[in-house]
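> For the record, the sequence lines run as chains H and F. In the working numbering, each number is its position in the first sequence, counted from 1, plus 22. In the working numbering, each number is its position in the second sequence, counted from 1, plus 22. Quick reminder that beta carbons are idealized off the backbone N, C-alpha and C, glycines included.
2 protein chains.
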Amino acid sequence: MSDHIDPAKLDRLAEVAVRTGVNLQPGQDLVITAPLAAIDLVRRIAVHAYKAGGGIVTPFFSDDAITLARYEHAPDESFNRAPEWLYEGMAAAFKSGAARMAITGDDPMLLAEQDPAKVARLSKATSIAAKPAMNPIVGFEVNWNVVAYPGAAWASRVFPDLPVEEAQGKLMDAIYDASRLGGDDPVANWEAHSKNLRERVDWLNAQNFAALHYTGPGTDLHLGLAEGHIWKGGASLALNGVVCQPNIPTEEVFTCPHAYKVEGTVSATKPLAHQGKVIEDIQVRFEAGKIVEAKASKGEDILNQLLNTDDGASRIGEVALVPHSSPISQSGVLFYNTLFDENASCHIALGQCYADTIEGGSELSPEQLKQKGGNQSIIHVDWMMGSDAVDIDGITKMGERVPVMRGGEWA
Amino acid sequence: MSDHIDPAKLDRLAEVAVRTGVNLQPGQDLVITAPLAAIDLVRRIAVHAYKAGGGIVTPFFSDDAITLARYEHAPDESFNRAPEWLYEGMAAAFKSGAARMAITGDDPMLLAEQDPAKVARLSKATSIAAKPAMNPIVGFEVNWNVVAYPGAAWASRVFPDLPVEEAQGKLMDAIYDASRLGGDDPVANWEAHSKNLRERVDWLNAQNFAALHYTGPGTDLHLGLAEGHIWKGGASLALNGVVCQPNIPTEEVFTCPHAYKVEGTVSATKPLAHQGKVIEDIQVRFEAGKIVEAKASKGEDILNQLLNTDDGASRIGEVALVPHSSPISQSGVLFYNTLFDENASCHIALGQCYADTIEGGSELSPEQLKQKGGNQSIIHVDWMMGSDAVDIDGITKMGERVPVMRGGEWA
Ligand SMILES: [Zn+2]
Ligand SMILES: [Zn+2]
Ligand SMILES: [Zn+2]
Ligand SMILES: [Zn+2]
Chain H
23 MSDHIDPAKL
33 DRLAEVAVRT
43 GVNLQPGQDL
53 VITAPLAAID
63 LVRRIAVHAY
73 KAGGGIVTPF
83 FSDDAITLAR
93 YEHAPDESFN
103 RAPEWLYEGM
113 AAAFKSGAAR
123 MAITGDDPML
133 LAEQDPAKVA
143 RLSKATSIAA
153 KPAMNPIVGF
163 EVNWNVVAYP
173 GAAWASRVFP
183 DLPVEEAQGK
193 LMDAIYDASR
203 LGGDDPVANW
213 EAHSKNLRER
223 VDWLNAQNFA
233 ALHYTGPGTD
243 LHLGLAEGHI
253 WKGGASLALN
263 GVVCQPNIPT
273 EEVFTCPHAY
283 KVEGTVSATK
293 PLAHQGKVIE
303 DIQVRFEAGK
313 IVEAKASKGE
323 DILNQLLNTD
333 DGASRIGEVA
343 LVPHSSPISQ
353 SGVLFYNTLF
363 DENASCHIAL
373 GQCYADTIEG
383 GSELSPEQLK
393 QKGGNQSIIH
403 VDWMMGSDAV
413 DIDGITKMGE
423 RVPVMRGGEW
433 A
Chain F
23 MSDHIDPAKL
33 DRLAEVAVRT
43 GVNLQPGQDL
53 VITAPLAAID
63 LVRRIAVHAY
73 KAGGGIVTPF
83 FSDDAITLAR
93 YEHAPDESFN
103 RAPEWLYEGM
113 AAAFKSGAAR
123 MAITGDDPML
133 LAEQDPAKVA
143 RLSKATSIAA
153 KPAMNPIVGF
163 EVNWNVVAYP
173 GAAWASRVFP
183 DLPVEEAQGK
193 LMDAIYDASR
203 LGGDDPVANW
213 EAHSKNLRER
223 VDWLNAQNFA
233 ALHYTGPGTD
243 LHLGLAEGHI
253 WKGGASLALN
263 GVVCQPNIPT
273 EEVFTCPHAY
283 KVEGTVSATK
293 PLAHQGKVIE
303 DIQVRFEAGK
313 IVEAKASKGE
323 DILNQLLNTD
333 DGASRIGEVA
343 LVPHSSPISQ
353 SGVLFYNTLF
363 DENASCHIAL
373 GQCYADTIEG
383 GSELSPEQLK
393 QKGGNQSIIH
403 VDWMMGSDAV
413 DIDGITKMGE
423 RVPVMRGGEW
433 A
């Protein structure tokens, strides 16, 4: 571990992740996926999980060097396949009641030097194979949570001018602040924060807008909302009856857009880091929900590859509102990590919708979800388009306009 | 990694483990279980596996700190359970053709301070849950291999007077020598070594003894052999058609004793390390194959707990012959690790037999195996009883005596 990572901060992250994040129940098993570099966080999570009365903690580690060994030496056919048995095993764990925790913090540029076609093929094969393990998570069948560890490569990317150990220490501090871990009682702080998000959610659900209209530099977007859409934010009630905080940090309220009722143009306000590449100055045009034109000043080929992954990859499955004054936005840190950056800015996500952001969505067939406007894809990629120059109106079913955000803040 | 571990030796171990040990086939997946401390070896194995044309390498890491967190903080019920879904996942991998590699080298004293009852309960729960994953290995449905990494705690146990990093370097050297990795062409050396073992095996199978008779200090043992027993040693032909070297190192030839035809007394010649405890000066008496008396100068309670694990735990499932002049024996190093110590001495194993050491055994029902003398248990614990003072005779079906070993050497 980096000497510069404050162990008290790391331990508090672990404790809040267990108690508030995944909210592990007595006797409940816990499946953790983590980069090997995050071992110090995983060990602390295991301690807090067992202290909370958890059953069995089972970690799965990925390792950057082993991943690179595959890219450098494996036969070409290897990139069409993923270990299905592993994901089916995890699915069996969730079926038997296990909760899930994912640690992020890998090197965002790990695959930058690798053949993009291989990266895309393996990513697609993995997404397909992982479906049995992802569906119970996306569908909130069990309580789950994602937190971040300040891995060396990631920290150096965020703070390129610092020696790596110092960068890790500084990134730990940034994670700590962004995750609202300070103060005497972070669990109580999280309850208050979650209540604030809940009030926004309740107001938006009461308005029950038909659409949102975004205006700003390079953006004039009419974004229809799915039939029976539900705004969510903060805590989630999983189908197993456990309330969890899926993301730490989280600042967003979000719902399901209508995949066939999005029209106009939108400009990204931050670079998009995807599979080891950075895509800059994205501009797209929607027609009937589909992106029909896509430009970028850098990485346009990666963007087009992403949009062509499958049918749903060029439509959107999530729309999220985040005030420009959010602590993460105000920190000015570009994290190159969706868990953080999506909480710095209003955003939309290409690809898969969250079924539970449509009323009764978890019980709907794919065809029924589609009829309500819910998008389906093997990808879900968040994409920042908020700033202090963006205004948003809600459009009621009667066609009236209600100010939602002005200059990036709640109106 | 310890600076004192010679990277060239570690890399050769990885290469021989992949090419000679598991003999990974083009396109074949590989499941690895390893202590996290062995990451440097696992990374090198991944490189050699992919270079050999392997499909997907999937490592599972155990971590001493996380294991201890469970003992220190988990609720009592946790020790009755193991993650069945994980072992069923591995079983699915083997069914789909994956090979298996296990890395040993954990801290042999890790659980020394823990409640022995908890240790025994968790070990039993894990053995039962792991059956779906262990059966295809024990039954050689796929090619597999075990090798060792010189972990810090293990190295300090073997060389307690050295600073830990130096101990690791020295243990790496000892592993290298014991594993016959030196010279220009270790793969060819292994072929020659395997041929020698094969010649012993062929002679013993041609003799087709009814029993072995051991005499030595504190030992006078009549050990019946199973009906249709087959001596094995060196390379194994797995049912998937791949020849592998299951153990690196290996010096033993072994077969299946008759679980109901063992009579007399036997004294262990080395301490037995079991679940973090050392059992010393074991002396047992067999009647009709069952241990009816067991003494030890230290750890007698652990020994009795072990013998009471289940019905088959007080009978034997393996008998193995190793000359006292084997390189591991001559090194004088006590490794506190079965993979090595069993290759320094003639031994027997309490518990489960290897079905493939009985003719057609892999196709027999448990009842049929039992009728031939094959023992069944959830444990398999090797137990050293050879020395330069032990003589062994073979007893033919006609009751004639044929010298097998004299003063610990092939007669
Ligand atoms: Zn979002
Ligand atoms: Zn999203
Ligand atoms: Zn043996
Ligand atoms: Zn054995």
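(1) Which residue's Cα is closest to the Cα of L108(F): D128(F), Y282(F), P97(F), T80(F)?
(2) Can you tell me whether E340(F) sits near ligand 5, meaning its C-beta is under 6 angstroms from at least one heavy atom of the ligand?
(3) Report, in whole angstroms, the separation of the C-beta atoms of A177(H) and I125(H), which I expect to be a contact under 8 angstroms.
(4) So the alpha helix (DSSP H) G111(H) belongs to, where does it begin and stop?
(5) In terms of residue numbering, what span does the alpha helix (DSSP H) encompassing P425(H) cover?
(6) Can you tell me which of Q297(H), A295(H), W212(H) puts its alpha carbon nearest to the alpha carbon of G255(H)?
(7) Quick one: which chain F residues come within Cβ less than 9 angstroms of K140(H)?
(8) So is H95(H) in contact with chain F if we call contact Cβ pairs under 7 angstroms?
(9) R122(H): buried (16+ other C-beta within 10 angstroms of its C-beta) or exposed?
(10) Could you tell me the alpha carbon to alpha carbon distance between R103(F) and S149(F), rounded to whole angstroms?
(11) Per the DSSP calculation, A124(H) is bridged to which residue(s)?
(12) Nearer than 6 angstroms: is that true of the beta carbon of D404(H) relative to any heavy atom of ligand 1?
(13) Which of the three DSSP states, helix, strand or coil, is assigned to F162(F)?
(14) Taking 7 angstroms as the threshold (beta carbon to beta carbon), is G149(H) in contact with chain F?
(15) Are I370(H) and I338(H) closer than 7 angstroms when you measure CB to CB?
(16) Kindly provide the ranges of any alpha helix (DSSP H) runs that are 4 or more residues long and lie completely inside the segment 70-107 of chain F, ordered along the chain.
(17) What does P105(F) touch in chain H if you count any residue whose Cβ is under 8 angstroms from its own?
(18) Ignoring anything shorter than 3 residues or poking outside the segment 292-336 of chain H, list the beta strand (DSSP E) runs there in chain order.
(19) Determine the burial state of W253(F): buried for a count of at least 16 other Cβ atoms within 10 Å of its Cβ, exposed for fewer.
(20) So, for A310(F): in the same chain, excluding its five sequence neighbours on each side, which residues have a beta-carbon less than 6 angstroms away from its beta-carbon?
(21) Taking F276(F) as part of the beta strand (DSSP E), name the residues at either end of that continuous run.
(22) My output table needs one value for D195(H): the three-state DSSP class, helix, strand or coil.
(23) Taking only three categories from DSSP, how would you classify M406(F)?
(24) With distances taken Cα to Cα, identify the nearest neighbour of V306(F) among A411(F), P105(F), V284(F).
(25) Would you check if the segment 260-268 of chain F and the segment 316-331 of chain F touch, i.e. whether three or more CB-CB distances between them fall below 8 angstroms?
(26) Tell me whether N157(F) is buried or exposed, calling it buried when 16 or more other Cβ atoms sit within 10 Å of its Cβ.
(27) Going straight from the alpha carbon of L243(F) to that of D404(F), what length do you get?
(28) When the Cα atoms are used, what is the spatial distance from G127(H) to A295(H)?
(29) Indicate whether S348(H) and E431(H) have their beta-carbon atoms separated by less than 7 angstroms.
(30) Go through its chain and collect everything with a Cβ distance to G111(H)'s Cβ below 6 angstroms, but skip five positions before and after it.
(31) If V275(F) and A214(F) are in contact, beta carbons under 8 angstroms, what's the gap, nearest whole angstrom?
(32) Check whether the Cβ of A371(H) sits closer than 6 angstroms to any heavy atom of ligand 2, and report yes or no.
(33) Could you check which residue in A377(H), Q390(H), Y236(H), G250(H) has the C-alpha nearest to that of V426(H)?
(34) When we look at the beta-carbon of P130(H) and count the other beta-carbons within 10 Å, is it buried (16 or more) or exposed?
(35) Nearest chain H C-beta to L133(F) closer than 7 angstroms, yes or no?
(36) Work out the CA separation of G49(F) and G373(H) for me, nearest whole Å.
On the basis of the data shown:
(1) As a first step, residue 108(F) is located in the second sequence; it is residue number 86 there, counting from the start. Out of D128(F), Y282(F), P97(F), T80(F), the CA that lies nearest to the CA of L108(F) is found in T80(F).
(2) Of the ligands one can find in the structure shown, namely ligand 1, ligand 2, ligand 3 and ligand 4, none is ligand 5.
(3) Position 155 of the first sequence, counted from the first residue, corresponds to residue 177(H). Position 103 of the first sequence, counted from the first residue, corresponds to residue 125(H). Rounded, the Cβ-Cβ distance is 15 angstroms, inconsistent with contact.
(4) As a first step, residue 111(H) is located in the first sequence; it is residue number 89 there, counting from the start. G111(H) -> alpha helix (DSSP H) spans 106-117.
(5) For the purposes of this step, residue 425(H) is taken as the residue at position 403 of the first sequence. Looking at the DSSP string, P425(H) is not in any alpha helix (DSSP H); the run it does join, the beta strand (DSSP E), is 423-428.
(6) By 1-based counting over the first sequence, the position of residue 255(H) is 233. It is W212(H) whose Cα lies nearest to the Cα of G255(H).
(7) The sequence position of residue 140(H) within the first sequence is 118, counting from 1. Those do not exist, as K140(H) stays about 13 angstroms from chain F at its closest Cβ, beyond 9 angstroms.
(8) Against the first sequence, residue 95(H) aligns to sequence position 73. It does: the Cβ of H95(H) has a partner Cβ on chain F nearer than 7 angstroms.
(9) Within the first sequence, residue 122(H) is the residue found at index 100, counting from 1. Taking all protein chains shown into account, R122(H) has 16 or more neighbouring C-beta atoms within 10 Å of its C-beta and is therefore buried.
(10) For the purposes of this step, residue 103(F) is taken as residue 81 along the second sequence, with counting starting at 1. For the purposes of this step, residue 149(F) is taken as residue 127 along the second sequence, with counting starting at 1. Taking the straight line joining both Cα atoms gives about 10 angstroms.
(11) Residue 124(H) sits at position 102 when you count from the first residue of the first sequence. In the DSSP output, where bridge partners are listed per residue, A124(H) has T55(H), V168(H).
(12) In the first sequence, the residue the question calls residue 404(H) occupies position 382. Within the cutoff, so yes.
(13) By 1-based counting over the second sequence, the position of residue 162(F) is 140. Of the three classes helix, strand and coil, the one that applies to F162(F) here is coil, per DSSP.
(14) Along the first sequence, read from residue 1 onward, the residue named residue 149(H) stands at position 127. Inspection of the sequence shows that residue 149(H) is occupied by Ser rather than by Gly. Judged by the 7 angstroms Cβ criterion, S149(H) is not in contact with chain F.
(15) Along the first sequence, one-based indexing puts residue 370(H) at 348. Along the first sequence, one-based indexing puts residue 338(H) at 316. Yes; because the gap between Cβ atoms is below 7 angstroms, this pair is in contact.
(16) 86-95
(17) For the purposes of this step, residue 105(F) is identified with residue 83 of the second sequence, where counting begins at 1. Here the neighbours are D51, I78, T80, A115.
(18) 294-296, 299-301, 305-309, 312-317
(19) In the second sequence, the residue the question calls residue 253(F) occupies position 231. Looking at its Cβ environment, which holds 16 or more other Cβ atoms inside 10 Å, W253(F) is buried.
(20) Taking the first residue of the second sequence as position 1, residue 310(F) is located at position 288. Hits under 6 angstroms: Y282.
(21) As a first step, residue 276(F) is located in the second sequence; it is residue number 254 there, counting from the start. F276(F) -> beta strand (DSSP E) spans 275-277.
(22) Here residue 195(H) refers to the residue found at position 173 of the first sequence. If DSSP states are grouped into helix, strand and coil, D195(H) belongs with the helices.
(23) Counting from 1 along the second sequence, the entry for residue 406(F) is found at position 384. Secondary structure of M406(F) (DSSP, three-state): strand.
(24) For the purposes of this step, residue 306(F) is identified with residue 284 of the second sequence, where counting begins at 1. If we check each option's Cα against that of V306(F), V284(F) comes out closest.
(25) With the cut-off at 8 angstroms, the segment 316-331 of chain F and the segment 260-268 of chain F do not touch.
(26) One-based indexing of the second sequence puts residue 157(F) at position 135. Exposed is the call here.
(27) Translated into positions along the second sequence, residue 243(F) becomes position 221. Translated into positions along the second sequence, residue 404(F) becomes position 382. One C-alpha to the other measures close to 17 angstroms.
(28) To locate residue 127(H), count along the first sequence from 1; it is residue 105. To locate residue 295(H), count along the first sequence from 1; it is residue 273. G127(H) and A295(H): Cα-Cα distance of roughly 13 angstroms.
(29) For this step, residue 348(H) is matched to residue 326 along the first sequence. For this step, residue 431(H) is matched to residue 409 along the first sequence. No.
(30) The residue labelled residue 111(H) in the question sits at position 89 within the first sequence. So the list is empty, once near-sequence residues are dropped.
(31) Numbered from 1 along the second sequence, position 253 holds the residue referred to as residue 275(F). Numbered from 1 along the second sequence, position 192 holds the residue referred to as residue 214(F). So it is not a contact: roughly 16 angstroms between Cβ atoms.
(32) Counting from 1 along the first sequence, the entry for residue 371(H) is found at position 349. The answer is yes for A371(H).
(33) For the purposes of this step, residue 426(H) is taken as residue 404 along the first sequence, with counting starting at 1. Nearest option by C-alpha distance: Y236(H).
(34) As a working note, residue 130(H) is residue 108 in the first sequence. Looking at its Cβ environment, which holds 16 or more other Cβ atoms inside 10 Å, P130(H) is buried.
(35) Against the second sequence, residue 133(F) aligns to sequence position 111. Not one chain H Cβ lies under 7 angstroms of L133(F).
(36) Residue 373(H) sits at position 351 when you count from the first residue of the first sequence. Residue 49(F) sits at position 27 when you count from the first residue of the second sequence. One C-alpha to the other measures close to 32 angstroms.
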